[in-house]
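These notes concern the structure reproduced below.
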Amino acid sequence: MTPNKSYKTIFIVISVVLVICFITNISLGSVLIPWFDTLKSLVGASVEKESWRHIIIDYRLPKAITAILVGSGLGISGLLMQTLFRNPLAGPFVLGISSGASLGVALLILGSAFVGGSTALFLVSNWGLVTAASLGSMLVLFMVMLVSIRVRDTMAILIIGLMFGSITAAIVSVLSYFAPAEQLQRYIFWGFGSLGNLSWTDLLIFIGIYSIGILLTVASIKSLNTLLLGENYARSLGLNIKKSRFLIIIATGLLAGSITAFAGPIAFIGLAVPHLTKQVFHTSDHKTLIPAVMVTGSLIMLICDTIAQLPGTEYTLPINAITSLIGAPVVIWLLVRKRKMLF
Numbered sequence: 044m045t046p047n048k049s050y051k052t053i054f055i056v057i058s059v060v061l062v063i064c065f066i067t068n069i070s071l072g073s074v075l076i077p078w079f080d081t082l083k084s085l086v087g088a089s090v091e092k093e094s095w096r097h098i099i100i101d102y103r104l105p106k107a108i109t110a111i112l113v114g115s116g117l118g119i120s121g122l123l124m125q126t127l128f129r130n131p132l133a134g135p136f137v138l139g140i141s142s143g144a145s146l147g148v149a150l151l152i153l154g155s156a157f158v159g160g161s162t163a164l165f166l167v168s169n170w171g172l173v174t175a176a177s178l179g180s181m182l183v184l185f186m187v188m189l190v191s192i193r194v195r196d197t198m199a200i201l202i203i204g205l206m207f208g209s210i211t212a213a214i215v216s217v218l219s220y221f222a223p224a225e226q227l228q229r230y231i232f233w234g235f236g237s238l239g240n241l242s243w244t245d246l247l248i249f250i251g252i253y254s255i256g257i258l259l260t261v262a263s264i265k266s267l268n269t270l271l272l273g274e275n276y277a278r279s280l281g282l283n284i285k286k287s288r289f290l291i292i293i294a295t296g297l298l299a300g301s302i303t304a305f306a307g308p309i310a311f312i313g314l315a316v317p318h319l320t321k322q323v324f325h326t327s328d329h330k331t332l333i334p335a336v337m338v339t340g341s342l343i344m345l346i347c348d349t350i351a352q353l354p355g356t357e358y359t360l361p362i363n364a365i366t367s368l369i370g371a372p373v374v375i376w377l378l379v380r381k382r383k384m385l386f
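Residues 44 to 386 in the numbering used here are what the sequence shown spells out, letter by letter.
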């Protein structure tokens, strides 16, 4: 079997499993809805109970779509950072974007303790948190972009991004220390991450930002493949390093920043999904990797969300805990298995 046919077969299999997991994710929860009734609701056919349709369309479908966007977006962001910095430990938040969002939310929640009336109600609303997280991540991203224009060494940008993250994390720690217990608890809950807080209006805005990030990623495929050869060789081939680096950072910022703003900081996915995808597809060509990472990230996120729901119970586990507990051992096993095969 030729590589192209092999990639297509694997991609089709993963896509079919993704569709099955998507429908299963929607059918499971505190109220268990039969699989076929879920399918009927999605295609607009009549179902046994009208309340099931309301649960699916207004709550579970937006959450499942959010899981797909978060999984694929973080996977792509991680791939971009690992390729740009040529570092397998680089993730979507190495530029300090997540820390910037956390700083914005921390400032907002702490500030709400000293503001009364309707202003405080807006500040602690979902849109208030989204706005604060977006501004915080955009501020850090803007600083990193300014640095990327002036600095030639890509590794220096990575270190500066980590330093920005350390500075914002330190400020968050100070704010958390002085925050009242109620506000601190709200901030901690935001840090757990959540996929179920988005309405259809929120989701449309999220999809718009996500689409721009994906378009910039697709436009950077040639640059990403060239960067695999090293910056000096890429420059000798005529690649504009600064322009390519700028587009990749913007794409990562839009994807990771919007995901953090709407769903909170989600761990593991951005770091591990690119590695898992490369293990499965055995290629470094971004023309194949980008769609493969999107499908794989979506699948893993849906599986983690299904487990986090604790089907049949009224409890929901933090999605951050599930992504790490389920995913990290899998990555360790794959890497150890790969190393054994080399000897």
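C-beta: ideal position from N, C-alpha, C; glycine also. Since the model is a prediction, treat every value here as computed from it, not as a measurement.
Judged by DSSP in its simplified three-state form, P223 adopts coil rather than helix or strand. With a contact defined as Cβ atoms closer than 8 Å, L138 and L184 qualify at about 7 Å. For F305, the uninterrupted alpha helix (DSSP H) segment begins and ends at 284–306. Here the alpha carbons of I362 and L238 stand approximately 8 Å from one another. Apart from sequence neighbours up to five positions away, the residues of its chain that approach V338 with a beta-carbon distance below 8 Å are F54, I57, S58, L61, S115, ordered along the chain.
M124 and D348 have their C-alpha atoms spaced approximately 25 Å apart. In this structure, the beta-carbon distance from I257 to K330 does not fall below 8 Å. Closest option to F207, judged by alpha-carbon separation, among I343, I255, S145: S145.
8 Å or more divides the Cβ of I302 from the Cβ of I293.
Boundaries of the alpha helix (DSSP H) around R278: 274–279. In the three-state scheme derived from DSSP, where H, G and I count as helix and E and B as strand, D196 is classed as coil.
Rounded to whole angstroms, the separation of the alpha carbons of A212 and G171 is 20 Å. A distance of 8 Å or more separates the beta carbons of L368 and T359.
By the neighbour-count criterion, in which 16 or more other beta carbons inside 10 Å mark a residue as buried, W243 falls on the exposed side. Rounded to the nearest whole angstrom, the C-alpha separation of F249 and I202 is 29 Å. Boundaries of the alpha helix (DSSP H) harbouring R96: 93–98, taken from the DSSP string. Counting along the chain, N240 sits inside no alpha helix (DSSP H), nor does DSSP assign it H or E at all.
Sequence-distant partners of G204 (beyond 5 residues in either direction) whose C-beta falls short of 6 Å from its own C-beta, in its chain, are V137, L138, G139, V187. The beta carbons of V336 and I152 sit no closer together than 8 Å.
By the C-beta density criterion, Q228 is exposed, having fewer than 16 other C-beta atoms within 10 angstroms. In the DSSP assignment, A107 falls within the unbroken alpha helix (DSSP H) covering 104–128.
Taking C-beta atoms under 8 Å as the contact rule, S177 and A304 qualify, at a distance of about 4 Å.
Residue nearest to R288 within the set L218, R129, T52 is R129 (criterion: CA-CA distance). Note on R103: 16 or more other CB atoms within 10 angstroms of its CB, so buried under the neighbour-count rule. If you draw a straight line from the Cα of E357 to the Cα of P135, it comes to about 32 Å. Only buried fits F65, as 16 or more other CB atoms lie within 10 angstroms of its CB. For P334, the uninterrupted alpha helix (DSSP H) segment begins and ends at 329–351.
Cβ-Cβ distances below 6 Å link S94 to nothing in the same chain once the five nearest sequence neighbours on each side are left out.
Between A315 and G370, the gap from beta carbon to beta carbon is short of 8 Å.
Within the same chain, G143 come within 7 Å of L182 by CB-CB distance, once the 5 residues on both sides are set aside. For a cut-off of 8 Å, the C-beta gap from T81 to I63 is around 12 Å, too long to register as a contact. Look at Y50 here: in three-state DSSP terms it is helix. With a threshold of 16 other beta carbon atoms within 10 Å, F221 falls short and is exposed. Remark: C-beta atoms of A110 and L218 do not approach each other more closely than 8 Å. Taken atom to atom, the span from the alpha-carbon of L246 to that of W233 is near 18 Å.
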